[in-house]
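Residue numbers (this note's numbering): 545 to 680. Report on one structure; see the data block that follows.
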């Protein structure tokens, strides 16, 4: 893993819909039930879970009420996903060298562990070019 101790090279981005799906499973809740509790149309929920739609800020606040998780958690997940995706595209075009992430685990009242990711890219001298940390 190079000189970047604690960092891991990634070649994919995890869509927030995958995390939402885990929360639904943990709560034994269907997409239809989530739709009824949030007022988010079931088609939109399905598209989010399948990675075809982003979690909007208004929908993050609706999810906050159901899962008792701050809206900024969902907003940060979406932001991190968008950033990692963009960086991976830049890497493909050779605009940056690599994309690395570091994950932090934090306890949460709904599920035991949430992974929050900090992303960055490194230049040829192994110096970070950018880092943005998400938090729940």
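Glycine included, each C-beta is placed from N, C-alpha and C at the ideal position. In this text, all values refer to a predicted model and were calculated from it rather than measured experimentally.
- Counting C-beta pairs with one atom in each stretch, the segment 567–577 and the segment 599–606 have fewer than three that are closer than 8 Å, which means they do not touch.
- A Cβ-Cβ separation of about 12 Å leaves residue 560 out of contact with residue 589 under the 8 Å criterion.
- Following the DSSP letters along the chain, one finds residue 573 in no alpha helix (DSSP H), marked with neither H nor E.
- Between residue 586 and residue 596, the CB-CB gap reaches or exceeds 7 Å.
- Separation of residue 583 and residue 615 (C-alpha to C-alpha, rounded to the nearest whole angstrom) is 16 Å.
- The three-state reading of DSSP puts residue 623 in helix, counting H, G and I together.
- A direct Cα-to-Cα measurement between residue 572 and residue 592 gives close to 18 Å.
- Residue environment for residue 620: buried (at least 16 other C-beta atoms within 10 angstroms of its C-beta).
- Around the beta-carbon of residue 556, fewer than 16 other beta-carbon atoms lie within 10 Å, marking it exposed.
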